[in-house]
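Here's the structure we're looking at; comments come further down.
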Amino acid sequence: MTHDVISVRSLPDYELLVSFEDGEQRRFSVKPYLGFPAYQPLAEPSRFTAAHIFNGTVEWPGDIDISPDTLYIAGERLNPANS
């Protein structure tokens, strides 16, 4: 089941703080993805910090996005849902 992103904040060292509709918060590192051509533009800090929500996922200018499933599954869980 896909969990929609309801907020995102850029953190230092190419990390994101992502909140989901079920109350979960995850910290997700984009750093390992910067070597892939689709994500290389995000190596520019000003572009990375332009992360925003679009249709329940995180998106950046230039039609760069990342699956909410990836953010949820690979992100470090910061708090238990509904606690």
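Position 78, counted from 1, in the sequence shown is what my numbering calls 109; the numbers after and before it change by one each time, with no gaps.
For every residue, glycine included, the Cβ atom is placed at its ideal position computed from N, Cα and C.
Can you give me the start and stop residues for the beta strand (DSSP E) that residue i sits inside?
{"i": "Ser60", "result": "Gln56 to Ser60"}
{"i": "Ser52", "result": "Correcting the residue type first, residue 52 is Glu in the shown sequence and not Ser. Unbroken run through Glu52: none, as it is neither H nor E."}
{"i": "Phe67", "result": "Phe67 -> no beta strand (DSSP E), and no H or E assigned at all."}
With DSSP collapsed to three states, give me the class of residue i.
{"i": "Ser77", "result": "helix"}
Report the partner residues of residue i according to the DSSP bridge assignment.
{"i": "His34", "result": "Answer is none; His34 lacks a bridge partner."}
{"i": "Leu47", "result": "Ser41 and Phe59"}
{"i": "Asn110", "result": "Gln56"}
{"i": "Asp96", "result": "Glu90"}
Mind checking which residues open and close the alpha helix (DSSP H) that includes residue i?
{"i": "Leu102", "result": "Pro99 to Ala105"}
Taking the alpha-carbon positions, what's the residue i to residue j distance?
{"i": "Leu73", "j": "Leu65", "result": "7 angstroms"}
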